[in-house]
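S.K.:
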Amino acid sequence: MPTIQFQLNGTATSVDGDPDLTLLDVLRGRLGITGAHFGCGAGECGACYVMVGGHAMASCDMPMWSVADKDVVTVEGLGTAGQPHPLQRAFITEQAMQCGYCVSGILISAAALLKRSPSPTEAEVKAALDRNLCRCGSHNRMVRAVLRAASEMATS
Amino acid sequence: MSAPSPAPKLPVSLAANPRLSSWVRFTGEGRVAISPGKVEIGQGIVTALAQIAADELDVDISRVEMIRASTATSPNEGVTSGSLSVQQSGRALRHACAEVRQRFLTAASERLGVDAPLLGIDDGTISGPGNVRTSYWELAGDVSLDHDAITGAVAKTVAKRTVAGHSVQRVDIPDKVFARPRFIHDRALPDQLHGRVLRPDVSGARLLALDEAAVRAVPGLIAVARDGGFAGVVADSEPAAEAALKALRKGATWSAGEPLPDEDDLAGFLKSQPVETTVIDTRAAAATEHVRTLRRQYTRPYIAHGSIAPSCAMARWDGNRVHVWTHSQGVYLLRADLAIVLKLPAESIVVEHMEGAGCYGHNAADDVALDAVLLAKVAGGRPVRVQWSRHDEMSHAPFGAAMAIEIEADLDAGNEIVGWRHAIWSNGHAARPGRAAQPALLAATEIAPPYPRMISTNPAAANGGGGDRNSVPLYELPAWTITSHRLLTMPVRTSALRTLGAQGNVFAIESLLDEIAALRGEDPIAFRLRHLRDERAKDVIRTAARRAAWKPQKRTGIGHGVGFARYKNTGAYCAAIAEVEGAGDIRVNQLTLAVDVGEAINPDGVVNQIEGGAIQATSWVLKERVRFDRTRITSTSWPDYPILTFSEVPAVDVEVIQRPEIEPVGAGEAAHGPVTAAIANAVADCLGVRVRDLPITRDRIIAAMELAS
Chain B
49 MPTIQFQLNG TATSVDGDPD LTLLDVLRGR LGITGAHFGC GAGECGACYV MVGGHAMASC
109 DMPMWSVADK DVVTVEGLGT AGQPHPLQRA FITEQAMQCG YCVSGILISA AALLKRSPSP
169 TEAEVKAALD RNLCRCGSHN RMVRAVLRAA SEMATS
Chain V
5 MSAPSPAPKL PVSLAANPRL SSWVRFTGEG RVAISPGKVE IGQGIVTALA QIAADELDVD
65 ISRVEMIRAS TATSPNEGVT SGSLSVQQSG RALRHACAEV RQRFLTAASE RLGVDAPLLG
125 IDDGTISGPG NVRTSYWELA GDVSLDHDAI TGAVAKTVAK RTVAGHSVQR VDIPDKVFAR
185 PRFIHDRALP DQLHGRVLRP DVSGARLLAL DEAAVRAVPG LIAVARDGGF AGVVADSEPA
245 AEAALKALRK GATWSAGEPL PDEDDLAGFL KSQPVETTVI DTRAAAATEH VRTLRRQYTR
305 PYIAHGSIAP SCAMARWDGN RVHVWTHSQG VYLLRADLAI VLKLPAESIV VEHMEGAGCY
365 GHNAADDVAL DAVLLAKVAG GRPVRVQWSR HDEMSHAPFG AAMAIEIEAD LDAGNEIVGW
425 RHAIWSNGHA ARPGRAAQPA LLAATEIAPP YPRMISTNPA AANGGGGDRN SVPLYELPAW
485 TITSHRLLTM PVRTSALRTL GAQGNVFAIE SLLDEIAALR GEDPIAFRLR HLRDERAKDV
545 IRTAARRAAW KPQKRTGIGH GVGFARYKNT GAYCAAIAEV EGAGDIRVNQ LTLAVDVGEA
605 INPDGVVNQI EGGAIQATSW VLKERVRFDR TRITSTSWPD YPILTFSEVP AVDVEVIQRP
665 EIEPVGAGEA AHGPVTAAIA NAVADCLGVR VRDLPITRDR IIAAMELAS
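Here the protein sequences line up with chains B and V, keeping their order. Under this note's numbering, the first residue of the first sequence carries the number 49, and numbering increases by one thereafter. Under this note's numbering, the first residue of the second sequence carries the number 5, and numbering increases by one thereafter.
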């Protein structure tokens with residue numbers, strides 16, 4: 049079985065196994081990292097998004113071989129309760145969810161956006177989140193939370 | 005304000021589960037365990053209930069530990085649905101906590117030698133004159149809560165509540181932001197296996213034969229389960245289970261299935277089926293001369309629940325006992341159905357709730373629980389986790405029922421309404437488990453011998469009705485007849501979707517009222533106010549109108565519309581005003597809502613629910629429609645069943661009218677009907693044509709324009 053090495057949340061990680069397994073299966077099934085969620089298995093809902101090389105991407109249809117030597121960040125890598133990412137803080141402040149199942153993927157899309165565009169407009173935030181589906185209708189709160197985090201990051 | 009008098013009888017949920025200790029326990033170091041029978045489905049109920057308990061007990065909310073519902077320990081509160089949780093669980097907890105507080109004050113009085121009325125409670129510490137003090141936890145050993153609740157308990161007055169009625173942060177949100185496992189999907193059990201169930205693509209097809217040769221060769225396969233037409237696999241990992249299912253599918257032979265209706269003639273289908281007809285309400289008036297009758301037909305399609313998470317469950321057998329982990333809305337009701345299918349006493353089954361994603365009604369949560377139980381039977385005592393595919397979630401879970409609604413309005417010479425006939429053709433809107441002699445679970449229709457598919461029924465009018473929900477106008481019309489025709493066939497599986505029939509009925513009523521107001525040249529809001537006597541109803545309409553600066557000046561390509569309902573005619577009042585834009589593809593720019601839920605326990609929670617309901621309703625109205633051909637459901641993925649995206653979401657502005665003196669009701673379903681109607685009316689205002697078939701798409705608008713020209 050081949051070994052695939054990659055960076056996961058800043059830690060060198062290696063996984064033995066079928067290189068056609070998806071990154072999501074490896075994260076959840078092998079590594080016990082459950083922040084990225086299964087939603088559709090076809091890259092169509094955004095629940096499983098992780099950052100790969102700074103870009104928000106679906107992990108549910110991403111084969112492991114394509115992750116070799118890449119830098120992968122899941123929602124667990126954004127921050128913790130002790131040291132939250134400004135986005136995580138802002139999502140709590142804005143109470144930006146109902147069920148929250150889509151939130152980890154949305155945090156990843158937002159984090160990728162703020163990396164490439166630290167002061168996005170509201171329209172840019174919406175465009176950046178357009179590939180993430182939310183069924184509860186918490187969109188406006190989430191957009192407000194992303195803008196709040198952006199302004200907080202700009203002043204800190 | 006006068007002091008409240010003791011409630012003459014116990015709240016419903018408390019009367020059914022009177023033992024105080026089943027609701028409240030003081031535990032460990034300064035903790036309070038609260039066990040409601042209602043469950044979190046993303047609506048924030050657990051937080052609202054924690055607020056109520058913290059308030060009545062005078063403890064900080066951070067001390068309150070909310071216990072997940074389980075048939076092993078929790079009060080049986082039926083199902084978490086119908087926007088009833090604050091009403092039922094909230095009242096029960098308020099009453100139970102008030103009595104618990106009183107019992108502790110009495111015990112503290114004895115221990116401290118101070119009259120109870122002189123004692124106060126601050127964050128669980130009970131103190132009185134002379135600096136004497138004790139606490140709930142010190143006294144817990146002396147005060148037994150293994151007593152049945154009595155009717156005399158007096159809850160705090162509104163003025164003394166410091167937590168309920170104020171916005172607090174939801175207790176579940178930090179876990180979700182920091183990805184601490186909270187969803188059932190994320191909570192692996194030790195030694196767990198993974199299962200998948202084989203389901204047909206063709207609607208109603210039965211498994212006739214199964215060649216297991218290919219699946220047996222799949223690495224990681226633990227077992228194949230087969231019971232009549234039910235077949236599934238158990239494997240040591242999810243990828244292995246998926247591979248095994250794929251191999252199993254190749255070996256399957258199916259029957260031809262059962263035909264589906266013509267998707268493009270839903271009204272024709274609904275009106276041609278055998279039905280059970282019920283007259284919901286009649287109001288007779290002295291015969292008034294009418295000079296014309298407007299006859300209008302409205303339809304709404306089948307709508308998918310479309311949870312972002314596919315349904316998931318875990319089960320483990322231990323001899324002839326089984327433990328089930330589920331995101332079902334009703335743990336006891338699911339247990340009742342499992343007992344029927346498994347032919348076991350209910351006591352042999354423990355059903356424990358774990359949070360899932362938002363479900364918006366009866367989706368496949370219960371179905372997948374039986375799947376897990378059946379697959380765990382062949383797993384040698386190891387727990388089996390089953391997760392449905394997106395495809396199965398979108399095609400095998402129940403849908404919200406399609407509806408055809410016909411209204412005839414008799415008008416006099418001045419175009420005032422003198423008669424009103426509202427008829428509904430629809431499948432029933434509820435086929436939840438645990439309520440009938442036969443199970444409602446999907447796999448029960450597949451095993452040998454199979455149970456028949458349960459034909460959906462409608463809850464009684466006293467419980468808000470089903471297809472007829474909100475069909476009786478809240479408006480003062482002189483005469484009406486409301487009739488519900490419930491289908492006795494069910495080629496497309498339906499069950500409870502948020503609001504049941506209310507969305508369709510409010511859409512129909514409010515559309516026709518708007519049309520009549522326009523005929524009269526009367527402002528649609530003035531027209532509604534003139535036909536309402538209920539001041540709370542008028543207040544939400546006036547409030548929404550004021551916030552939206554009704555009526556904004558007419559601009560080309562922009563339209564405004566209003567919609568109103570009191571959910572179930574007994575619940576939350578909600579008025580919505582929509583601003584839409586467009587010619588072919590309609591965009592909703594802005595929704596302005598006013599809502600009255602009585603006492604809003606967590607005002608920000610109410611706003612969140614109303615915003616969410618408004619956005620979900622916008623999605624239903626503009627985009628959603630379950631697609632099928634004559635043999636199968638074809639909208640089995642998100643591209644085939646598009647929902648509203650971030651860029652398409654309107655701005656939503658909500659005002660909550662606080663009425664702390666009025667018993668609280670739920671907010672989760674209040675917005676859908678009013679928002680649907682407001683958008684439809686705004687489209688008519690914008691384009692000058694009425695679209696009476698949902699969803700309001702470019703094709704529907706073109707068809708309406710052709711009809712009008």
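Each residue gets a CB set at the ideal place from its N, CA and C atoms; glycine is no exception. All figures in this text were calculated on a predicted structure; none of them were measured in a lab.
Measuring CB to CB, does Q196 (chain V) end up less than 9 Å from P387 (chain V)?
M.R.: As a first step, residue 196 (chain V) is located in the second sequence; it is residue number 192 there, counting from the start. As a first step, residue 387 (chain V) is located in the second sequence; it is residue number 383 there, counting from the start. A contact, by the Cβ cut-off of 9 Å.
S.K.: Have a look at B:T61, B:L75, B:A116, B:G91 and flag the residue whose alpha-carbon is nearest the alpha-carbon of L181 (chain B).
M.R.: Counting from 1 along the first sequence, the entry for residue 181 (chain B) is found at position 133. The shortest C-alpha separation from L181 (chain B) is found at B:G91.
S.K.: So, P668 (chain V) versus L492 (chain V), is the Cβ gap smaller than 9 Å?
M.R.: Start at 1 with the first residue of the second sequence, and residue 668 (chain V) comes out as number 664. Start at 1 with the first residue of the second sequence, and residue 492 (chain V) comes out as number 488. No; because the gap between Cβ atoms is not below 9 Å, this pair is not in contact.
S.K.: Report yes or no: is there a C-beta of chain V within less than 9 Å of the C-beta of G58 (chain B)?
M.R.: Mapped onto the first sequence, residue 58 (chain B) falls at position 10. It does not; no Cβ of chain V falls within 9 Å.
S.K.: Would a check of beta-carbon distances place G185 (chain B) closer than 9 Å to chain V?
M.R.: By 1-based counting over the first sequence, the position of residue 185 (chain B) is 137. Yes, G185 (chain B) lies at the interface with chain V (some Cβ there is under 9 Å from its Cβ).
S.K.: Assuming contact is defined by CB atoms lying nearer than 9 Å, are H535 (chain V) and G423 (chain V) in contact in what I supplied?
M.R.: To locate residue 535 (chain V), count along the second sequence from 1; it is residue 531. To locate residue 423 (chain V), count along the second sequence from 1; it is residue 419. No.
S.K.: Please work out which residues of its chain come closer than 6 Å, Cβ to Cβ, to T303 (chain V), disregarding the five sequence neighbours upstream and downstream, and give them in chain order.
M.R.: By 1-based counting over the second sequence, the position of residue 303 (chain V) is 299. Only L270, A271, A408, D697 meet the Cβ criterion.
S.K.: Say whether chain B places a C-beta atom closer than 9 Å to the C-beta of S393 (chain V).
M.R.: Counting from 1 along the second sequence, the entry for residue 393 (chain V) is found at position 389. Yes, because at least one Cβ of chain B sits closer than 9 Å to the Cβ of S393 (chain V).
S.K.: Does any residue of chain B bring its CB to less than 9 Å from the CB of E359 (chain V)?
M.R.: In the second sequence, residue 359 (chain V) corresponds to position 355, counting from 1. Yes, because at least one Cβ of chain B sits closer than 9 Å to the Cβ of E359 (chain V).
S.K.: Look up N509 (chain V) in the DSSP assignment and say whether it is helix, strand or coil.
M.R.: Numbered from 1 along the second sequence, position 505 holds the residue referred to as residue 509 (chain V). Helix at N509 (chain V).
S.K.: Could you give the first and the last residue of the continuous beta strand (DSSP E) run that contains D64 (chain B)?
M.R.: Start at 1 with the first residue of the first sequence, and residue 64 (chain B) comes out as number 16. Residues 59-64.
S.K.: So the candidates are V:I451, V:A452, V:L504; which of them puts its Cα closest to the Cα of S475 (chain V)?
M.R.: Counted from its first residue, the second sequence places residue 475 (chain V) at position 471. Considering only alpha carbons, the answer is V:L504.
S.K.: For P342 (chain V) versus V328 (chain V), is the C-beta spacing smaller than 9 Å?
M.R.: Reading the second sequence from its first residue, position 338 is the one you call residue 342 (chain V). Reading the second sequence from its first residue, position 324 is the one you call residue 328 (chain V). It is worth fixing the name first, because residue 342 (chain V) is Leu in this sequence and not Pro. The answer is yes: Cβ separation under 9 Å.
S.K.: How many angstroms separate the CA atom of A7 (chain V) from the CA atom of T282 (chain V)?
M.R.: Within the second sequence, the letter at position 3 stands for residue 7 (chain V). Within the second sequence, the letter at position 278 stands for residue 282 (chain V). Its pLDDT being 47, under 50, A7 (chain V) is placed unreliably by the model, and nothing is read from it.
S.K.: For the beta strand (DSSP E) containing M318 (chain V), list its first residue and its last residue.
M.R.: In the second sequence, the residue the question calls residue 318 (chain V) occupies position 314. Unbroken beta strand (DSSP E) run through M318 (chain V): 316-322.
S.K.: So for E69 (chain V), helix, strand or coil by DSSP?
M.R.: Counting from one through the second sequence, the residue named residue 69 (chain V) turns up at place 65. E69 (chain V): strand per DSSP, three-state reduction.
S.K.: Please say whether L415 (chain V) and L523 (chain V) have beta carbons closer to each other than 9 Å?
M.R.: Your numbering for residue 523 (chain V) matches position 519 in the second sequence. Your numbering for residue 415 (chain V) matches position 411 in the second sequence. The answer is yes: Cβ separation under 9 Å.
S.K.: What would DSSP say about F632 (chain V), mapped onto helix, strand or coil?
M.R.: If you number the second sequence from 1, residue 632 (chain V) lands on position 628. Strand, per DSSP.
S.K.: Considering only residues of the same chain and omitting the five flanking positions on each side of E359 (chain V), which have a CB-CB separation below 7 Å?
M.R.: Translated into the one-based positions of the second sequence, residue 359 (chain V) becomes position 355. The answer, listed in chain order, is E44, R186, F187, I188, H331.
S.K.: Answer with yes or no whether the minimum CB distance from L698 (chain V) to chain B is below 9 Å.
M.R.: Start at 1 with the first residue of the second sequence, and residue 698 (chain V) comes out as number 694. No, because no Cβ of chain B sits closer than 9 Å to the Cβ of L698 (chain V).
S.K.: Under 8 Å, CB to CB, which of the residues in the region 125-156 of chain B have a partner in chain V?
M.R.: Listed by position, the residues of the region 125-156 of chain B near chain V (Cβ gap below 8 Å) are G127, T128, A129, P132, Q136, F139, I140, Q143, M145, Q146, C147, G148, Y149, C150, V151, S152, L155.
S.K.: Leaving out the 5 sequence neighbours to the left and right, which residues in its chain are closer than 7 Å to D247 (chain V) when beta-carbon positions are compared?
M.R.: On the second sequence, residue 247 (chain V) is found 243 positions in, with the first residue counted as 1. First, the amino acid is wrong: residue 247 (chain V) is Ala here, not Asp. Taken in chain order, the residues that qualify are V222.
S.K.: Considering only residues of the same chain and omitting the five flanking positions on each side of P15 (chain V), which have a CB-CB separation below 6 Å?
M.R.: Counting from 1 along the second sequence, the entry for residue 15 (chain V) is found at position 11. For P15 (chain V), where only same-chain residues beyond five positions count, the Cβ hits under 6 Å are R95, A96, H99.
S.K.: With a Cβ-Cβ cutoff of 9 Å, do V121 (chain B) and N188 (chain B) count as a contact?
M.R.: Here residue 121 (chain B) refers to the residue found at position 73 when the first sequence is read from its first residue. Here residue 188 (chain B) refers to the residue found at position 140 when the first sequence is read from its first residue. In this structure, N188 (chain B) does not lie closer than 9 Å to V121 (chain B) by Cβ.
S.K.: Grouping DSSP H, G and I as helix and E and B as strand, with all else coil, what is Q55 (chain V)?
M.R.: The residue labelled residue 55 (chain V) in the question sits at position 51 within the second sequence. Helix.
S.K.: Would you say the beta carbon of H366 (chain V) is closer than 8 Å to some non-hydrogen atom of the ligand MG?
M.R.: For the structure depicted, the ligand MG is absent and the ligand set is empty, with no information on it obtainable.
S.K.: In chain B, which residues lie less than 7 Å from V653 (chain V) when you measure between Cβ atoms?
M.R.: For the purposes of this step, residue 653 (chain V) is identified with residue 649 of the second sequence, where counting begins at 1. Result: H187, N188.
S.K.: Roughly how many whole angstroms lie between the Cα atoms of P402 (chain V) and A235 (chain V)?
M.R.: Residue 402 (chain V) sits at position 398 when you count from the first residue of the second sequence. Residue 235 (chain V) sits at position 231 when you count from the first residue of the second sequence. Their backbone Cα atoms lie some 20 Å apart in a straight line.
S.K.: Answer yes if the region 541-554 of chain V comes into contact with the region 589-609 of chain V, meaning at least three C-beta pairs across the two stretches below 8 Å, and no otherwise.
M.R.: Judged by Cβ distances under 8 Å, the region 589-609 of chain V makes contact with the region 541-554 of chain V, as three or more pairs qualify.
S.K.: Starting from the beta carbon of N612 (chain V), find every residue of chain B whose beta carbon is closer than 8 Å, and list them in chain order.
M.R.: As a position in the second sequence, residue 612 (chain V) is number 608, starting the count at 1. Residues of chain B passing the Cβ test: Q143, Q146, S186, R189.
S.K.: To be precise: take each residue of the region 634-650 of chain V, compare its Cβ to all Cβ atoms of chain B, and keep it if any distance is under 7 Å. Which residues remain?
M.R.: Within the region 634-650 of chain V, the qualifying residues are S641, W642, P643, I647, T649, F650.
S.K.: Counting only runs of 4+ residues fully inside the region 121-162 of chain V, write out the alpha helix (DSSP H) ranges in chain order.
M.R.: As far as the region 121-162 of chain V is concerned, its whole alpha helix (DSSP H) runs of at least 4 residues are 140-143.
S.K.: Select from the region 152-180 of chain V all residues with a C-beta closer than 9 Å to any C-beta belonging to chain B, and list them in chain order.
M.R.: Per Cβ criterion, the list reads S171, Q173, R174, D176, I177, P178, D179, K180.
S.K.: According to DSSP, is A604 (chain V) part of a helix, a strand, or is it coil?
M.R.: The residue given as residue 604 (chain V) occupies position 600 in the second sequence. Three-state DSSP puts A604 (chain V) in coil, outside helix and strand.
S.K.: CA-CA distance, V354 (chain V) and A76 (chain V)?
M.R.: What you label residue 354 (chain V) is simply residue 350 of the second sequence in a count that begins at 1. What you label residue 76 (chain V) is simply residue 72 of the second sequence in a count that begins at 1. The alpha-carbon atoms of V354 (chain V) and A76 (chain V) are separated by roughly 6 Å.
S.K.: Tell me, to the nearest whole angstrom, how far the beta carbon of A58 (chain V) is from that of V167 (chain V); I am working on the premise that it is less than 8 Å.
M.R.: Walking along the second sequence from the start, residue 58 (chain V) turns up at place 54. Walking along the second sequence from the start, residue 167 (chain V) turns up at place 163. With 8 Å as the limit, A58 (chain V) and V167 (chain V) qualify as a contact, their Cβ atoms being about 5 Å apart.
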